[in-house]
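**Q** UniProt numbering puts the sequence shown at residues 1 to 367. Glycine included, every Cβ here is placed at the ideal spot set by N, Cα and C. Below is a structure I'd like to ask you about.
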Amino acid sequence: MSSRLSELRSEFALVERALGDPAALADGREYTRLTRRHRELLPLVTLLREQEGLEADLAGARELLVDPDMRELAQGEVRAVEARLADLAAELEVLLLPSDPDDAKDVILELRAGAGGAEAGLFVTDLLRMYGRYAEGLGLKLNVLDAAESDLGGASKVVAEVTGENAYRALKWERGVHRVQRVPATESQGRIHTSTATVAVLPEAEPGEVSLDLSEVRIDVFRSQGAGGQGVNTTDSAVRAVYRAGTPDEIMVVCQDGRSQIKNREKALQVLAARLAERERAARAETERQERASQVGSGDRSEKIRTYNYPQNRVTDHRLEGEHKNRPLDSVMAGALGPVVGALARDERERQLLELAAQEGQRHGAA
Numbered sequence: 001m002s003s004r005l006s007e008l009r010s011e012f013a014l015v016e017r018a019l020g021d022p023a024a025l026a027d028g029r030e031y032t033r034l035t036r037r038h039r040e041l042l043p044l045v046t047l048l049r050e051q052e053g054l055e056a057d058l059a060g061a062r063e064l065l066v067d068p069d070m071r072e073l074a075q076g077e078v079r080a081v082e083a084r085l086a087d088l089a090a091e092l093e094v095l096l097l098p099s100d101p102d103d104a105k106d107v108i109l110e111l112r113a114g115a116g117g118a119e120a121g122l123f124v125t126d127l128l129r130m131y132g133r134y135a136e137g138l139g140l141k142l143n144v145l146d147a148a149e150s151d152l153g154g155a156s157k158v159v160a161e162v163t164g165e166n167a168y169r170a171l172k173w174e175r176g177v178h179r180v181q182r183v184p185a186t187e188s189q190g191r192i193h194t195s196t197a198t199v200a201v202l203p204e205a206e207p208g209e210v211s212l213d214l215s216e217v218r219i220d221v222f223r224s225q226g227a228g229g230q231g232v233n234t235t236d237s238a239v240r241a242v243y244r245a246g247t248p249d250e251i252m253v254v255c256q257d258g259r260s261q262i263k264n265r266e267k268a269l270q271v272l273a274a275r276l277a278e279r280e281r282a283a284r285a286e287t288e289r290q291e292r293a294s295q296v297g298s299g300d301r302s303e304k305i306r307t308y309n310y311p312q313n314r315v316t317d318h319r320l321e322g323e324h325k326n327r328p329l330d331s332v333m334a335g336a337l338g339p340v341v342g343a344l345a346r347d348e349r350e351r352q353l354l355e356l357a358a359q360e361g362q363r364h365g366a367a
């Protein structure tokens, strides 16, 4: 671990020097990459600096143990410093865990109504409102790119873009099937119905990450539909991008967010690239699963990940256990997803630590 920490500290110094280079300031993409990496490494380097200071304090306190007049005070300081050093070692171990390279990316968020008819469409709009409040609390921006209305004011599909620092890290745990249990407004006998909605969270593709041949993309323009601002519905500003139309690989993206056809075209191609990148990632993941003959359950979007029970004012995340599993529904729907996301992230870190420990054990056994 010490060699890896030394490497990362050296990298941090290099990044700091590069950020002071005028050439980096002139290259927007490189400057963004450097500032992102600086933010990622800063917590680790901060802990390393604290560790060095504490090790010096510990050496000084141990020297005082030979002094009868200072021994009791020194013993207390030694215990306190050793305890903090143990905590620091654990924190550094967590920071050394493999990070998700997509965490810092912006996100394409897709919500689709599942089973349940009109009630499922209403649930989609509820989820969209929840994510909007959650994003706002984190300083992220959610912008709807396309929506298809359903009965009773719901939506059969919503495509939105979420931008801001670590947008994917904030939302990646949401992908999967969400189930709602409640009495629909149209239910005259008060019976509880169960409906579902699916959530896809796609990290936006970076330039060069996916090869998108524009000769395989058909671009259609048409008049925006639905409630729009003045002028939105009077010009052919909406854009439909169809990748490999009529083939099994077909992907269709619609963007009618604003009155600018050019901007809608750019957004449609951006969403299309994100879907292609996700398709490639899914194919790689499937290959890896087959190679190691095991299933990665948390990556399967067909899973039911969460239930929203309105009569009991309870949200249950089925990936968690114990006291972290259930949360007050009214709080979660108001955007307080932080505790749920935090619990899921902690579970993931614990799993990674166990895997690393098992790998270390295997290496020692082989030696």
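Looking at Ala-205: is its Cβ nearer than 9 angstroms to the Cβ of Gln-270?
**A** yes
**Q** What first and last residue would you give for the beta strand (DSSP E) that runs through Glu-110?
**A** In this chain, the beta strand (DSSP E) harbouring Glu-110 covers 107-113.
**Q** Give me the Cα-Cα distance between Val-340 and Thr-198, rounded to the nearest whole angstrom.
**A** Each residue's alpha carbon lies about 18 angstroms from the other.
**Q** Which residue marks the beginning of the alpha helix (DSSP H) containing Val-15, and which one marks its end?
**A** 2-19
**Q** Using beta-carbon positions only, say whether Val-253 and Ala-238 come within less than 9 angstroms of one another.
**A** no
**Q** Which residues in the same chain as Arg-349 place their Cβ atom closer than 8 angstroms to its Cβ, once the five residues preceding and following it in sequence are excluded?
**A** Val-94, Leu-97
**Q** With distances taken Cα to Cα, identify the nearest neighbour of Leu-65 among Arg-79, Leu-44, Gly-20, Arg-4.
**A** Selected option, being the one with the closest Cα: Arg-79.
**Q** When the Cβ atoms of the stretch 154-166 are set against those of the stretch 119-133, are three or more pairs found closer than 8 angstroms?
**A** yes
**Q** Mapping DSSP to helix, strand and coil, what is Gly-190?
**A** coil
**Q** If you compare alpha carbons, which of Val-210, Arg-62, Leu-41, Ala-148 is closest to Gln-75?
**A** Arg-62
**Q** Can you tell me the Cα-Cα spacing of His-318 and Thr-196, whole angstroms?
**A** His-318 and Thr-196 have their C-alpha atoms spaced approximately 15 angstroms apart.
**Q** Could you tell me the distance, in whole angstroms, from the CA atom of Ala-155 to the CA atom of Val-144?
**A** 12 angstroms
**Q** Would you identify the three-state DSSP class for Gly-176, choosing helix, strand or coil?
**A** strand
**Q** DSSP three-state label for Gln-261, please.
**A** Helix, per DSSP.
**Q** Does any C-beta atom of chain B lie closer than 9 angstroms to the C-beta of Leu-96?
**A** Considering every chain present, this structure includes no chain B. It has just one protein chain.
**Q** Take every Cβ of the stretch 307-314, pair it with every Cβ of the stretch 324-337, and state whether three or more of those distances are shorter than 8 angstroms.
**A** yes
**Q** Can you give me the start and stop residues for the beta strand (DSSP E) that Arg-327 sits inside?
**A** Arg-327: member of the beta strand (DSSP E) spanning 326-328, first to last residue.
**Q** Could you check what DSSP says for Gln-256 in three-state terms: helix, strand or coil?
**A** coil
**Q** Three-state secondary structure (DSSP) at Arg-218?
**A** strand
**Q** By a C-beta neighbour count over all protein chains shown, 10 Å radius and 16 as the cutoff for buried, is Ile-192 buried or exposed?
**A** exposed
**Q** For Arg-223 and Ala-185, what's the separation of their Cα atoms in angstroms?
**A** Whole-angstrom Cα-Cα distance: 33 angstroms.
**Q** What is the DSSP secondary structure of Leu-152, counted as helix, strand or coil?
**A** helix
**Q** Buried or exposed: where does Asp-146 fall if 16 or more other Cβ atoms within 10 Å of its Cβ makes it buried?
**A** Here Asp-146 is buried. Its C-beta has 16 or more other C-beta atoms within 10 Å.
**Q** Given Ala-274, which residues of its chain have a CB within under 6 angstroms of its CB, disregarding the five upstream and five downstream residues?
**A** Ile-108, Leu-202, Glu-204, Ala-205
**Q** Can you look up Ala-268 in the DSSP assignment and give me helix, strand or coil?
**A** helix
**Q** Does the Cβ-Cβ distance between Ala-241 and Arg-112 come in under 9 angstroms?
**A** no
**Q** Given this structure, state the Cα-to-Cα distance separating Ala-90 from Val-315, to the nearest angstrom.
**A** When rounded, the distance between both Cα atoms is 32 angstroms.
**Q** Apart from the five residues just before and just after Ser-150, which ones in its own chain have a Cβ nearer than 7 angstroms to its Cβ?
**A** Ala-113, Ala-118, Gly-121, Ser-156
**Q** Could you check if Ala-357 is buried or exposed, using at least 16 other CB atoms within 10 Å of its CB as the buried criterion?
**A** exposed
**Q** Quick check on DSSP: helix, strand or coil for Glu-91?
**A** helix
**Q** Do Leu-58 and Val-81 have their C-beta atoms closer together than 9 angstroms?
**A** yes
**Q** Can you tell me whether DSSP reads Pro-22 as helix, strand or coil?
**A** Helix at Pro-22.
**Q** How would you call Glu-110, buried or exposed, if buried means at least 16 neighbouring beta carbons within 10 angstroms?
**A** buried
**Q** Just tell me which of Ser-211, Glu-280, Gly-53, Asp-103 has its CA closest to the CA of Arg-39.
**A** Considering only Ser-211, Glu-280, Gly-53, Asp-103, the residue with the shortest C-alpha distance to Arg-39 is Asp-103.
**Q** Grab me the residues of Thr-35's own chain with a C-beta within less than 8 angstroms of its C-beta, minus the 5 sequence neighbours each way, in chain order.
**A** Leu-19
**Q** I need the straight-line Cα distance from Ser-10 to Arg-346, nearest angstrom please.
**A** Straight across, the Cα-Cα distance linking Ser-10 with Arg-346 is about 28 angstroms.
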